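Numbering (mature numbering (1 follows the signal peptide of the UniProt record, and there is no 0)), first residue to last: -23 to -1, 1 to 1118.
The beta carbon of each residue, even a glycine, is placed where N, CA and C say it ideally should be.
Predicted model only: the values in this text are computed from it and were never measured.
What follows is a short report on a single structure.
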């Protein structure tokens, strides 16, 4: 055997660790040590239960003692886990043999046996010798002959050392090895100089890779006390027991004739294991069975000796008797290896006399006892008197007591009653009786009641009455929208009569149910009856402003205005308060009424008035309080705001179309100037359009005309005017004017008069008004005809503009299979080819997402003859041109990006009747934000969370994998010079095998830097400082957004900067404020977030570096995101209203 063979054998021995239990593998080789070849046979036995795919074989070494014609062994397999070699001839039975254990092609274990030639000149004192690293070893050979020749020592078949004949003392030859290590382990042989290797005598040295009594990869752990000749394993600290003993410390003797790790094998002879040699896995080696010794293991131990090879002395005390198989047998009252410890009767400790359990749950019961000897695993039992007997599933022993743990898997009423814990040892017995009561978990008998509601909250009284057993320790309220497929959300409260459900959707009905819990495992009762509750309408966001008040005796007229037209409101609420803040009265008005008269106010009394918008039952923010005080009896006007009064509305407002893009407004000054007029304000918008009102100022107070320009042609507009002194005045009523089409012009003036009767001129006005109305009707009819023909044309071909990343205006036109982009001012079109899907190859299924202007439908598509799942995106009929622009831009981005495993890839697109449909990969797990929030198991399944001690169904590795996937995808996007601009967990989808994929490329842009020039809703909480301040977007601003997304992952879908307004973010981020480190977040992960949030974009890491860093964290297998339920654990807050900005 070459030197490398030593290393190979050592590695094979290391394989003898069972991967499941980390214990040494139970592989034993036995031999009948007969001197004749025909009687000699070997047997190898595998003692483990799992024998699937196991192969056992016996081979003879031909590398140390080489023969030109290696023998073919006669092998037989009496059973799957045993092989027998027999039928030896000549010298075939002498040499070195191996028992190999394999599973498939994997070598699991190896045991070595040496059978020396019976007529050799030497005999080893020990055929195998086990030593530890750093020991000094003496390899001793007894010299059998009388020859006076030098002795050659060989190591693994190669010359090693020579002992001169003069150094042989007392017929023994000794080879000394100092400070040994693994390199010294192997086969050592001794022979006279010049003799054939067949006459060599061999022995094996086994070296533990740790110093004595140490084990572990760093040899820093103390070995247990291995009794009865056991050897401490240097890799896992287990005791490898001699044949005839078992147990964690080899403390238990087998019955005579039995062996194996659990004493499960039998020698099957009337003489027991006499005449058998045993070889075990390293580091034990070979020996006789317990009770036998001698060259052929056929001699019983001498008196006072016992164990394998009879090497152990009994030294029994207190009249103990030595048994050569098991050691000392102690009389009653004594125990220990040498009968040196006295027994004491067992005593059960500190057990409660009354126990409770919850119906249908499992109940664990512990029983502790002390005594000498300590009660063993089988010594303690639990029994229901005259009925069930339970055995412990686990017993923990320490130096003072034994604690047995029992479990009743599913409690039923029959388990109630008197139970007993009973313990029995050699020292005596003890018992303790206790009563077990099975309780029924509580459940509500009435549905929860609604106490108060708002647009985003419901205040609920959870329980009026319940059945089952108390006390109630927690109340869980479960809720979800009616008709939604969402999982139930939940809130826990302890000892409260009412529960507030937060973060709800306005004007939405919810299923609401209650679950009660009592103390103990399984204390949660079934869900109670269901109630359906509806949230109120959304609160208006606009704040009215009170501009004036007019006092007339006991009465006051209050006027107010709104800067913008409210999106969601049904009217105004006017509230009057007394001097101590007490509410005196409330009155409501419709949306088009901006004043109210308050009657019967008291003299010399202070009042406050606030005005707020209302929407159904929801109130908007109040105006600033307006103060009223009537000083004395009689009419008196007190201006408000203090220091002056507001002008009345301008008179006789007229609007005349000047061209297709301009309208001239004329008016007369207000009747009540109330100071000098400083300027006029004009507000206008297309008739029938929502949204904001553009306005213009006329800064010359004496000028009562203004041309409003940059209007759209063939559009009906409405205008109103108001004057400004020191304070804004009242608005005029709206007047209307229509801009003509190109090539067609008509001036259609409209007039609005304020505050004066026209007398005889009234008929003239009605005549003029009639003619104007008639003209408008004719124009509207013509417009409807033109609209009809235009719409028919658009069904055949849709063309609109799209602002590309380069800043050029692009015209997009859909034809079959191409997206034509004509960039102005370039005259030639640039067709963008996209993968074509045929309309009939798309089978729509369910709507899986919907917004204001578009929707996503799950579908089956057929592409290149292969059917696959897809998500098909489409726009709704009333989508704006901007929506069409972004939608076509998303198709362009997907085409240019190509395929990547961490982006949502394009399958194809289809044009049908002028509408575009885009098919992308279907992500079965939905978006990452919802996926993270659904993993908050403490909210969805607290019993599971407490049982497993985890706050999430996702592991730290899975969360890091999501982050690494997104970083890899963003690295790909940045290499392609694309800027995402809206990177957030909501825009990442979770695909097959829970792979994260970047999606929603509607805002993506090419080029290195993009400057946003249009208004729109912005993802402020994810935006970089430079994007907030200067509307500049680069790949480095995407890096900032990735840092926020990483925070979302760690917080399981929390809202960034929860509790802060967007205005506060604009103020605090430039001052260095950043989100705090989540408690469950490792310092290294938080440091990566902070790098992404650096002020200077060029100091932020590139996505290539981020991807490498996250993948390295995954390889370390460290819990960078701690999901364990630590003390006072709380989830990061969620504010769905804040996430809209």
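Item: Contact set for residue 38: own chain, Cβ-Cβ below 8 Å, skip 5 residues either direction; Value: -23, 72, 73, 74, 75
Item: Stretch pair the segment 44 to 53 + the segment 91 to 105: three plus CB contacts closer than 8 Å; Value: no
Item: The segment 949 to 959 in contact with the segment 1104 to 1112 per 3-pair CB rule at 8 Å; Value: no
Item: Sub-8 Å separation of residue 823 and residue 835 beta-carbons; Value: yes
Item: Nearest neighbour of residue 317, chosen from 543, 298, 527 [CA to CA]; Value: 298
Item: Neighbourhood of residue 25 by C-beta, 6 Å cutoff - its chain only, sequence neighbours within 5 removed; Value: 3
Item: Three-state class that DSSP yields for residue 958 in the structure shown; Value: coil
Item: Residues bridged to residue 714 (per DSSP); Value: 694
Item: Contacts around residue 940, its chain only, beta-carbon distance under 7 Å, and the 5 residues preceding and following it disregarded; Value: 1023, 1026, 1087
Item: Beta-carbon spacing of residue 1033, residue 998 below 8 Å; Value: yes
Item: For residue 269, the residue or residues it bridges with in DSSP; Value: 277
Item: Cβ-Cβ distance between residue 5 and residue 255 below 8 Å; Value: yes
Item: Best match in 245, 36, 649 for proximity to residue 63 [C-alpha to C-alpha]; Value: 36
Item: According to DSSP, residues forming a beta bridge with residue 396; Value: 361, 411
Item: Beta-carbon spacing of residue 833, residue 908 below 8 Å; Value: no
Item: Residues bridged to residue 837 (per DSSP); Value: 820, 846
Item: Environment of residue 301 [buried if 16+ CB atoms lie within 10 Å]; Value: buried
Item: Every unbroken alpha helix (DSSP H) inside the segment 892 to 949 [4 residues or more]; Value: 905 to 911, 914 to 917, 919 to 925
Item: Nearest-angstrom Cα separation, counted from residue 214 out to residue 387; Value: 38 Å
Item: Own chain, CB closer than 7 Å to residue 1072, minus 5 neighbours either side, in chain order; Value: 1002
Item: Beta-carbon contacts of residue 404 that lie in its chain and below 8 Å, excluding the five residues immediately before and after; Value: 310, 320, 321, 322, 323, 348, 349, 350
Item: Cβ separation of residue 505 and residue 337, assumed to be a contact under 8 Å, to the nearest whole Å; Value: Rounded, the Cβ-Cβ distance is 17 Å, inconsistent with contact.
Item: Span of the beta strand (DSSP E), counted from its first residue to its last, around residue 80; Value: 72 to 80
Item: 8 Å Cβ cutoff met for residue 442 and residue 423; Value: yes
Item: Residue 185 versus residue 260: straight-line alpha-carbon distance, rounded; Value: 7 Å
Item: Beta carbon of residue 576 nearer than 8 Å to that of residue 531; Value: yes
Item: Own chain partners of residue 432 with C-beta closer than 7 Å, once the 5 adjacent residues on each side are dropped; Value: 483, 512, 513, 514, 515, 516, 595
Item: Residue 82 to residue 31 span [Cα, whole Å]; Value: 10 Å
Item: Short Cβ contact (8 Å threshold) for residue 390 with residue 366; Value: no
Item: Cβ of residue 443 within 8 Å of any chain B Cβ; Value: In the displayed structure, chain B is absent; only one protein chain is listed.
Item: Distance between residue 895 and residue 881 (C-alpha atoms, nearest Å); Value: 12 Å
Item: Close-in-space but distant-in-sequence residues of the same chain around residue 793 (CB under 6 Å, 5 per side omitted); Value: At residue 793, the pLDDT of 39 sits below 50, so the modelled position is not reliable; the number obtained from the coordinates is stated separately. Cβ within range, chain order: n/a, list empty.
Item: Pick from 692, 121, 656, 651 that is closest to residue 665, judged by C-alpha positions; Value: 692
Item: Contact between the segment 844 to 864 and the segment 909 to 920 (3+ Cβ pairs under 8 Å); Value: no
Item: Residue nearest to residue 1092 in terms of C-alpha spacing, selected from 534, 1035, 937, 243; Value: 937
Item: Residue 803 in three-state terms, based on DSSP; Value: Confidence at residue 803 is low in this model, with a pLDDT of 40, below 50, so the placement of that residue is unreliable and no value is reported for it.
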